[in-house]
Amino acid sequence: MEPTPEQSPHHAYPDHWEADVVLRDGGTARIRPITTDDAERLVSFYEQVSDESKYYRFFAPYPRLSDRDVHRFTHHDYVDRVGLAVTIGGEFIGTVRYDRINEQGRPASAPADEAEVAFLVQDAHQGRGVASALLEHIAAVARERGIRRFAAEVLPANTKMIKVFRDAGYTQQRSFEDGSVHLTLDLEPTEKSLAVQRGREQRAEARSVQRLLAPGSVAVIGTGRTTGGVGRTVLRNLLAAGFTGRTYAVNRAFDEGLTTLDGVPAHRSLGEIDERVDLAVIAVPAHRVPEAVADCGEHGVQGLVVLSAGYAERGSAGRELQRELVRQARSYGMRIIGPNAFGIINTAESVRLNASLAPESPARGRIGLFTQSGAIGIALLSGLHRRGAGLSSFISAGNRADVSGNDFLQYSFEDPDTDVALLYLESLGNPRKFTRLARRTAAVKPVVVVKGARHSGTNPPGHAVPVSRIPDATVSALMRQAGVIRVDTVTEMVDAGLLLADQPLPAGPRVAILGNSESLGLLTYDACLAEGLRPRPPIDLTTAASPQDFRDALAEALADGTCDAVIVTAIPWVGENGNAETGDGEVLAAALRGAAAGGPAKPVSVVHVEIGGLAEALAAASSTAAPRTRPTTLAGRPATTPGTTAPGAPATTGTPPASPTTDTTATTSTAPTTDTARPTAATPTPDTPSATTPATPGRIPAYPAAERAVRAMAEAVKYAQWRRQAAAPGKVPEFLDDTIDEPGTAALIDTLLGPAPDPRGRPLAHDEVRELLGRYGIPVRPTLPAPDAEAAVAAAARLGYPVALKTTAPHLRHRADLGGVRLDLPDEEALRRAYGELTDLLGKPAELLPVVQAMAPRGVDTVVRASIDAAAGAILSFGLAGAPSELLGDTAHRLVPATDRDAAELIRSIKAAPVLFGWRGSAPVDTAALEELLLRLSRLVDDHPEVVSVALEPVVVAPQGITVLGASVRLAPPPPRGDLGPRRLPNY
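In the numbering used here, the protein residues as written are 561 to 1548.
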């Protein structure tokens, strides 16, 4: 909404202040600046506010606004006077304004940094979190305009408004003066204010999804009069699932005399329905969707599932239709699943909703499933059904124009019916938010993700979201850091999901293998080694083993304190007549379930070959049963053995020792034998749902191949280790504070960027790099230019022998293999000879740009980098220097800010890590100094977002200390940080 010329010409309408937000009850609203065109809306809004609310706002009876009031409240300069409104359906439901004031409380302009703030919310919308959302946004606007404090006068009886200020988390002061409460809020975000903001965001977005999945009534708009068609199919599926609410068929083409269809009321429009409809499933052609959405909005529908196609997947014209669809729905406070969606399912007994095109509703279970592809959704539903698995909820989001995987994570985090969240994602609209939500959710329940479109470099058709430029390997590493179980295929996702939903988490990587086939046992053993597990030698029960033999062996393995999990392998056994018995799977399943139920809480899975009915019998224990939960405690955890081999690494000299926070399992410890003593997960924190380890009684996952069972078990082991470590998160050591000059660095960056910085940024010169990094305790060894041999000799005399001679031309930088580096030059003669050889071999000095540098102590050459991705944020990377590491992609990554745990894990997670720890008899290097360097660099880019790129190459790690031989830094105006601003829905 553009301002009129009557407004200040010096400050354009700030359209970036416009935002869609989710309110406390899950509905949406729009926040935007108030303009001169809003006079009638303001008057209408004020007339609907109660006399009591007016009194609280103006401290006196104030029945109506005068013309002067209306002019004042609609004319702003967007700097010293700002007003924001919350709208639904184009009408105001709440307002807030601030006026900049001086120390005497009089109107002022900058540099005054205090403002008086006042709110007014329509009574019908109080309690929905309107004022809290307005406070977040007006505070962000004020900070942008140089205001640092808010002052407010509140009547003591206005307890709701006092609570809004008190609960916001800002630093505040309160006093009682002249019969009112005087509040002063410091607007600088605090750890508490961010936590409050994110907590409100989580509850609101979870509630918005819950309203979609548990409606009291559903209308299918576009239900055909004849059988077949999308709308009629959805109606049939709703009825077949036994939806517990009320269902309506809606089609404007219905005959006036038609009152029922398939046994439900039939109407030509929503206006004919006597009650408010909670959810509308829209199955009409795209050109008729706007009419249907308007009908829904005008009659109070809370959410939409849009099955209609013809949107962003069809190109630019369809993309604009999709944007308009979202704008229209949000203007009425509705959220959308779709368009081009497959539908939604909720199997809860109190709901039984199948508003999808899936002909058969899945059984009730403990797995939540989100997919951005209808075809993948069909495949997943089919695969889970074949294996007897049940679901708690299912969302197929189609083009995911609104409701996304992030919203599903918010919902899954607190949904008591979901123990495992499975997500098929083709795009990440907000990677920073995704990793934050995934980390919090993974701390209480597993999150398994398959990422499609990994290597295309573009988003799939219909997904209008920011494109991240980081490689897929980096995305995978960042997901792992957040506790996400990242798998490559939907089959692997189902495999992992079944194990995690049905079995307790393993306490470590030690696996017992037993079965009636030596060959199948050996295949399982080899697969365990390949996945980094620690298998015990397989126990061969021989082909003559009976179900009772299996039961006894499994019970013994579970009771053994030296194993953390059991994989059972089974082939058809030979009967007394010599024939293979393939049809007694139910008997074997009962035996295995009995042993598992009577033993300690350890995960069990089965690999079977052609045993009829076994998989079905193992899965049929009851997919509808409530979960059996076990306490999640760290008690009874075996002590860490110093120098324990990292999982999957060979037990030889040079293996990286576990970091102080790395979880290991002593192979000789005796594990507790009671269910309650098994360490299975992180202890839940007070503000999170109870972290439980689900296990449906008697249900054991079965796999047709050893590799699939082992891969699922390996994922469970890694996830369980992450959960245990997450219970005691890392920290940034305090010693860094004493050696870091944050204010001085900020001033230096301002000077280097200048008053009008180039948006593209600028690389720093060598001396500038040294000064900047030095302020964070990162010394860079100096280099001196050597444009000729005489200059090289003079530089060496200044630095002291021995020296190195290196070319710095871009095509030769860090390429020792091309002969551009000469090391350990002991004297002037050797230096002159090396200089001549370089110029003869590679070109003229003006092309080579040679430099001289004092030699560093011998050690391992490494590379440390930090960069900012517009979508994912700041990323810290580490690897060994050289072509092999680059070719093999052997680089590890962590999100910034990194903790001491992150730094320790970063250097140990590359494949070449043994080189740092004494591989093949070499001396171990100073990894503690390397970890400190990583923490310092992480702190630098976190404190100063203008530092958009840093490369330290090489960093020589010696047995004592490190030396940074080369460094480059790029500065640029900081990219926007949407994750730190007020909560808002994406606006693609």
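Even glycine gets a Cβ: it sits at the ideal position worked out from N, Cα and C. Everything numeric in this text was worked out from a predicted model, so none of it was measured.
Could you give the residue range of the alpha helix (DSSP H) that holds residue i?
i	result
Asp-1400	1388 to 1402
Ala-631	The question names Ala, yet the displayed sequence has His at residue 631. Taken as a continuous stretch (DSSP letters only), the alpha helix (DSSP H) holding His-631 covers 627 to 634.
Asn-797	790 to 801
Lys-1366	Premise fails: Lys-1366 lies in the beta strand (DSSP E), 1363 to 1367, not in any alpha helix (DSSP H).
Ile-781	Not the alpha helix (DSSP H): Ile-781 falls in the beta strand (DSSP E), residues 777 to 781.
Phe-618	611 to 618
Gly-934	934 to 946
Tyr-1279	1266 to 1286
Ser-868	From DSSP, Ser-868 is part of no alpha helix (DSSP H); its letter is neither H nor E.
Arg-1153	1145 to 1158
Between which two residues does the beta strand (DSSP E) carrying residue i extend?
i	result
Tyr-808	806 to 810
Asn-906	903 to 906
Asn-914	913 to 916
Ala-1431	No beta strand (DSSP E) contains Ala-1431, which DSSP labels as neither H nor E.
Ile-896	895 to 897
Tyr-892	Tyr-892 -> no beta strand (DSSP E), and no H or E assigned at all.
Pro-1410	1410 to 1414
Arg-641	641 to 648
Applying the criterion that 16 or more other CB atoms from any shown protein chain within 10 Å of the CB defines a buried residue, is residue i buried or exposed?
i	result
Gln-1413	buried
Leu-1562	The structure shown does not extend to residue 1562, since the chain is modelled only from 561 through 1548, so no value can be given for it.
Ala-801	buried
Ala-579	buried
Ser-987	buried
Leu-754	exposed
Leu-1460	In the sequence as displayed, the identity of residue 1460 is Asp instead of Leu. So Asp-1460 ends up on the buried side.
Leu-1531	buried
Pro-671	exposed
Arg-1454	buried
Pro-1339	exposed
Ser-669	exposed
Ala-1609	The requested residue 1609 does not occur in the structure, where the chain is confined to residues 561 to 1548.
His-576	exposed
Lys-1404	exposed
Leu-1401	exposed
Asn-914	buried
Arg-657	buried
Lys-1278	buried
His-1371	exposed
Pro-1542	buried
Arg-887	exposed
For residue i, which of the options has the nearest alpha-carbon?
i	options	result
Glu-1389	Ala-1357, Gly-1403 and Pro-1370	Ala-1357
Ile-927	Val-911, Leu-982 and Ala-961	Leu-982
Ile-648	Arg-895, Gln-1285 and Ala-1113	Arg-895
Gly-1439	Gly-1433, Asp-1450 and Ala-1432	Asp-1450
Thr-1551	Val-603, Arg-1393, Thr-931 and Thr-750	Because residue 1551 is not part of the residues shown, which for the chain are 561 to 1548, the question remains open.
Glu-713	Val-741, Val-1420 and Glu-704	Val-741
Phe-954	Asp-977, Glu-612, Ala-961 and Arg-946	Asp-977
Thr-731	Leu-625, Leu-715 and Thr-750	Thr-750
Below 8 Å, how does it come out for the stretch 1266 to 1274 and the stretch 1090 to 1104: are there three or more Cβ pairs, yes or no?
Put simply, the stretch 1266 to 1274 touches the stretch 1090 to 1104. At least three CB pairs are less than 8 Å apart.
So, do the stretch 853 to 870 and the stretch 767 to 777 have three or more beta carbon pairs nearer to each other than 8 Å?
yes
Three or more beta-carbon pairs under 8 Å between the stretch 696 to 703 and the stretch 715 to 723, yes or no?
no
Below 8 Å, how does it come out for the stretch 829 to 843 and the stretch 871 to 887: are there three or more Cβ pairs, yes or no?
Touching, no, given that fewer than three Cβ pairs across the two stretches are closer than 8 Å.
Is the number of C-beta pairs between the stretch 1500 to 1512 and the stretch 1440 to 1448 that are closer than 8 Å three or more?
The answer is no - the stretch 1440 to 1448 does not touch the stretch 1500 to 1512, with fewer than three Cβ pairs under 8 Å.
Mind listing, in chain order, the continuous alpha helix (DSSP H) runs of no fewer than 4 residues lying wholly within the stretch 665 to 736?
690 to 704 and 719 to 727
Ordered list of beta strand (DSSP E) runs contained in the stretch 1041 to 1081, each at least 3 residues:
1045 to 1047 and 1070 to 1075
Is the stretch 1036 to 1043 touching the stretch 1054 to 1070 in the sense that three or more CB pairs, one from each, lie closer than 8 Å?
no
Counting only runs of 4+ residues fully inside the stretch 1085 to 1113, write out the alpha helix (DSSP H) ranges in chain order.
Runs of the alpha helix (DSSP H) inside the stretch 1085 to 1113: none found.
Taking three-plus beta-carbon pairs below 8 Å as touching, is the stretch 815 to 830 in contact with the stretch 932 to 948?
Judged by Cβ distances under 8 Å, the stretch 815 to 830 makes no contact with the stretch 932 to 948, as fewer than three pairs qualify.
Count the CB pairs spanning the stretch 1510 to 1518 and the stretch 1424 to 1439 that are closer than 8 Å, and state whether there are at least three.
Touching, per the Cβ criterion.
Is it true that the stretch 682 to 697 meets the stretch 1520 to 1531, where meeting means three or more beta-carbon pairs spaced less than 8 Å apart?
The stretch 682 to 697 is not in contact with the stretch 1520 to 1531.
Can you find at least 3 beta carbon pairs, one from the stretch 809 to 820 and one from the stretch 780 to 787, that sit closer than 8 Å?
yes
Whole alpha helix (DSSP H) runs in the stretch 947 to 1017 with 4 or more residues, listed along the chain?
965 to 974 and 991 to 1002
May I have a chain-ordered list of the alpha helix (DSSP H) segments no shorter than 4 residues that lie completely inside the stretch 1303 to 1336?
1326 to 1334
Three CB pairs or more closer than 8 Å across the stretch 1493 to 1500 and the stretch 1339 to 1352:
Short answer: they don't touch.
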